[in-house]
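What follows is a single structure, written as structure tokens, with notes after it.
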Amino acid sequence: MIFSLFSLILLPVSGLDISSNDNFGRGKGRNTIGNINKPTLNLGLILPQSVFKEKQYRAAVIEAVDLVKNKRRPAFRFLNDYHLDDRQIHFSMMSVNPSPTVILENLCETFLENNVTAIIYMTNSEMFGRSTAASQYFLQLAGYLGIPVIAWNADNSGLQDQSQSRLRVQLAPSLEHQVEAMLALLIRYNWQQFSVVTSDIAGHDDFIQAVRDKVVYFRDKMNFKFFVQAEVKVNSQEDMNTLTNAETRIILLYSTKEEARHIMSWADQAGLTGTNYVWIVTQSVIGESEGGSAEALTQFPIGMLGVSFPTSFQALIDQIPVALSVYAEGVERLLSTPLNGTLMPHLSCTEGTKSTEASWDLGETFYKHIKSVRMAGSAGKPEVKFLADGSLSNVELMVMNLRKPTSGSSVQHIWEKIGVWKSWKSEAHGLEIKDIIWPGDSHVPPQGVPEKFHLTVGFLEEPPFINIAPPDPVSGKCNVDRGIRCRMENSTEAEKKNGTEQFQCCSGFCVDLLAKFAEDLQFEFDLVRVQDPKWGSIVNGKWNGLMLELVSKKFDMVLTSLKINAERESVVDFTAPFLESGTAILVAKRTGIISPTAFLEPFDAASWLLIAFAAVQISALTIFFFEWLSPAGYNMKTSSEPDHKFSICRTFWMVWALLFQAPVQMDCPRAFTARFMASVWALFAVVFLAIYTANLAAFMITREEWDQFQGIDDTRLTNPQSMKPPLRFGTVPWTYTENAIRRHFPNMHMYMKAFNKENVMEGVEAVKKGELDAFIYDGTVLEYIVGQDDECRLLTVGNWYAMTGYGVAFPRHSKHFPNFNKKVMDYSENGDLERLRRFWLTGTCRPRKQEKRSSEPLAPEQFLSAFFLLLLGVCLAAGLCSFEYLYCHYIRSKIARRDTPGCCSLISQSMGASLTMKGTVLEASAMLSRHKCPDPTCDTILWKVKRELDLTRLKLSELKAEVEARGLEKTSNPSTHQERIFEVTEDFLTETIVERCSTDLGCSTDSARISDDSSDKTSFIEQHASKRDIFRRYSQGFSEIETVL
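Below is the structure:
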């Protein structure tokens, strides 16, 4: 089954041979030597194919096993339970490129059949094929089977993909170690710029990625910034042009030795091997070294540097004990923990066998223990330990220098060891180097950078990209806070000689970017302002401003806020954009008037309706309903006790008073449930009023208003005449913004010409003063101005239009363009552009006048809604007063009087009382109590009436007493005869007063006025004349009483 699976994933590779050696014996199962009966530990071993070195392999294996068995301080405890000797080491000798079939057969017959627990894979061959090495297949198969591999591969560069060999630890230095050693050389001599050259060698992509990772590592951890000028894969002479254009001086080379022969020949033809060029190569270019030296090809120039490690046969033999010790340490660690499996894998490639495992379940755990091994190295060697990816942590590499051999040697060039690099040391970045022979047999290292060149850089000021300030008045120089010197116009030679050139100090985003360019690319520059202060547009078929100077090659480059568009790109070369931008609209804030309904805005309409027509109504009706039901209240009657003053109107009065916490007099219910409901409503009122008050302040302040546009395609801008008055807006002519508007909105462009401004600041001031309603310009610039506004009155609105970017512009086919373009992309990737953007283009407005504003008195419009509320209350009160007047003078006189108040008293007790006879009498009594007669005769008559009233009351009391004495008690049913008697007598008593007052006295209805006016008397008599019939009817009441008695 496993054989079928592997047959599908393996591809044929030519030139293969694996020979199995059975002389080491097979130690499968238990060992019964002597009296020992222990399970055996079986281990696989793969060594390079060699007929004459088999005995040396055998001796090295026996020596390695003896070292493990005789280890002291402390000894391996697993040897007490398991047996290990050289007969359990099952090995094969493998050629450089075995076929997949032979690899599979040997793996099945030699290793799986003997239940090996790990495989030691060692080879010192340095073929570095262009395709993945054949050993990759073997490692992949071992990973699928779950068998850990301890490898030492001289050409492990092609084995960097850990996913293909996930259970492998590597004892040989990795490609990352070589890259780190090469970059340590660059740091030693302060070479920050370099290029990377590779061929189609296996692992060339891994080499480039390792360089990138280490560049980031040194930048973040050691604050040393590298700049990779070019990454070139060379397959022909033409590929060298990239290195020539990059003007690189330090080159890292990764290829095979044979490929390096052609690459160096092409480099020599391109002039890249002179005294100013340093080539640093990897182990794959140097090849096998022994005794610290190796023969070099004649095409290699003197002074080359390289990193290497021993790959001779003896170096391979020396690694066998190390690999076996790592295995033993791994077993010791594994057996010190509880096992979920056995150290006897049961794997087989034969179909039909009773193998219980497709892969070794314990293999992954065993590999983790092997990877965690830490053991002391041999004499003079560092501690052996592994990184998370299985590569060796502590590595020592030789630093090689290409020199001429000593006299008498037959070779022309030779690699000699001049020092070492130790990864575990931090001093001097791990380097220990002697004297170096540099290119051209020099003893002085080259600078590593090309000679500085000079550029004339054109600009046009625009904050924050380029700000202009005068130089220091004392020194006449540009200090740090003022920027660098820049010439305001192109000076003639005479002006330069006379020293009459006009200089200013320039600073800003673009100036800092230019300084970084100059530092990284090593050039000098003159910053010159364009004579025609325009960005560049085509007028009558010709360019103006910056574009004219650039097209005519008066400037080597232009670095300012120059936007990229199709017209400009057709005549000049732009780098990748260093900043994105678009067209935006600037408006100013203005003070608005508070809405008259601001006091209602803390809650929306639905909330107010819910409170006014649901909460208030339901609560009031619920409170009164509980009061009507309760025996302590109305007790389900239509009238209450005389001293109980409570009705629906009084309930609503209480509910509204509680809601707004009004300090007014209110009547409370008597029923417990009604009082409890009133308390619940009071709690609701507290919460409501707290929320309302807390939010009211936010709506009772002066609000700022501004024009809200969707973008420059807003209909109010594209058709400004539709507004009354028309909007006023403009831009700066001869700019990218104006060109975009002219192209896409021609009518709007014609209209806004009358409002255009000469520069950005004029437009901004016009907006702040109200001369313009809006100003259209570059969004990035406007955002910067908004952030720097002292009064915080400016803001940008709407979506940005015509998105584009700012780029560095060069004349066509400039040789400097590729380097600058590469730099811009690098700055974008490593975050340098973002750091510049945050420094120059971000900020918040600084409201210096905010304190003054906070102490100014409030204007009437700031609390206009309070006046509105007061006016509304006055109008409502006037309406209620009018209704009350109409009711008292017209409506009430037309409503028939009743003996009982009925349901009207539930709504309002005063209304119910005014509609009853008793209420009318009480009203008349109140008037009489306040009456003052105009003369003594009136007082005498009034005394007589009161005397008769007292006699009547006395007679009435006697009649009541006699009625009660005869057993005719007063009942609760007003329809009974007895109750009728009492009502008649009481009405008679009160009607007598009214009648006598209306016929015999000149009583006035106004208690505050004493008058003999006959018209007043007549009015009062007429008002009460209707009661005479009632008096006559009730005068018969005495006879009725006497009849009953």
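All the letters of the sequence shown, read from the start, carry residue numbers 315 to 1359 under my numbering.
The beta-carbon is built from N, C-alpha and C at its ideal position, and this holds for glycine as well.
Neighbourhood of residue i by C-beta distance below 8 Å, restricted to the same chain and skipping five residues each side
i: F1131; result: D887, T889 and F1124
i: V430; result: N356, L357, G358, H404, I461 and P659
i: F1197; result: none
i: P977; result: none
i: N549; result: S513 and D514
7 Å CB neighbourhood of residue i in its chain, flanking five on each side removed
i: Y503; result: P759 and G762
i: P1047; result: N1070
i: M1066; result: F1043, G1044 and T1045
i: Q370; result: I631
i: S1333; result: Per-residue confidence for S1333 stands at a pLDDT of 47, beneath the threshold of 50, marking its modelled position as unreliable; no derived number is given.
i: A1116; result: G896, T897 and A1054
i: F940; result: A985, T987, A988 and M991
i: A778; result: The sequence given here has Pro at residue 778, not Ala. Closer than 7 Å at the Cβ level, and outside the excluded window around P778, lie G822, F823, Y1098, W1154 and L1155.
Beta-carbon proximity of residue i to residue j, cut-off 8 Å
i: F521; j: V483; result: no
i: R1360; j: M802; result: Residue 1360 is absent from the structure shown; the chain starts at 315 and stops at 1359.
i: I577; j: S513; result: yes
i: A495; j: W738; result: no
i: Y1050; j: W849; result: yes
i: L900; j: G1121; result: no
i: Y568; j: I515; result: yes
i: G797; j: C820; result: yes
i: S944; j: T987; result: yes
i: E710; j: P719; result: no
i: M436; j: I376; result: no
i: G1362; j: E833; result: Nothing in the structure corresponds to residue 1362, since the chain is present only between 315 and 1359.
i: L398; j: V382; result: yes
i: L489; j: G517; result: yes
i: I1134; j: F767; result: Here the sequence assigns Phe to residue 1134, which means Ile is not the residue at that position. Not in contact: F1134 and F767 (Cβ atoms no closer than 8 Å).
i: S705; j: K699; result: no
i: L1031; j: M980; result: no
i: I616; j: I751; result: yes
i: F532; j: F541; result: no
i: L1108; j: K1082; result: yes
i: F459; j: L701; result: Checking the sequence, you will find Leu at residue 459 rather than Phe. Taking 8 Å as the Cβ cut-off, L459 and L701 do not qualify as a contacting pair.
i: L827; j: L1155; result: no
i: P753; j: T589; result: yes
Nearest-angstrom beta carbon gap, residue j and residue i [assumed within contact, 8 Å]
i: A880; j: W729; result: At roughly 55 Å, the Cβ-Cβ gap does not stay under 8 Å, so A880 and W729 are not in contact.
i: L485; j: A465; result: 7 Å
i: V546; j: T558; result: 10 Å between Cβ atoms; not a contact.
i: T965; j: I937; result: 5 Å
i: P891; j: N1009; result: At roughly 47 Å, the Cβ-Cβ gap does not stay under 8 Å, so P891 and N1009 are not in contact.
i: T897; j: I1090; result: 6 Å
i: P362; j: N438; result: 6 Å
i: E776; j: V1095; result: 6 Å
i: M554; j: A581; result: 6 Å
i: S603; j: T570; result: About 16 Å; that fails the 8 Å criterion.
Own chain, CB closer than 6 Å to residue i, minus 5 neighbours either side, in chain order
i: G620; result: V595, I600 and M714
i: Q816; result: M802
i: V687; result: V640, E643 and G644
i: I634; result: A374 and A378
i: P624; result: none
i: I434; result: L359, I464 and A637
i: F538; result: I501 and F532
i: F837; result: K766, F767 and L769
Chain B contact for residue i (CB, 8 Å cutoff)
i: Y1091; result: The displayed structure is made up of one protein chain only, and chain B is not part of it.
For the region 504–514 against the region 557–571, are there 3 or more C-beta pairs whose distance is under 8 Å?
-> yes
Segment contact flag, the region 998–1006 with the region 971–980, C-beta cutoff 8 Å, min 3 pairs = Counting Cβ pairs under 8 Å, three or more are found: they touch.
Pair every Cβ in the region 382–395 with every Cβ in the region 638–647, then say whether three or more of these pairs are closer than 8 Å.
-> yes
What residue ranges within the region 813–859 form continuous beta strand (DSSP E) runs of no fewer than 3 residues, ordered along the chain?
-> 817–821 and 837–843
Mind pulling the alpha helix (DSSP H) runs of 4 or more residues that sit fully within the region 544–592?
-> 554–560 and 571–583, all fully within the region 544–592.
Inter-stretch contact (C-beta, 8 Å, three-pair minimum) for the region 1070–1087 and the region 977–991 = no
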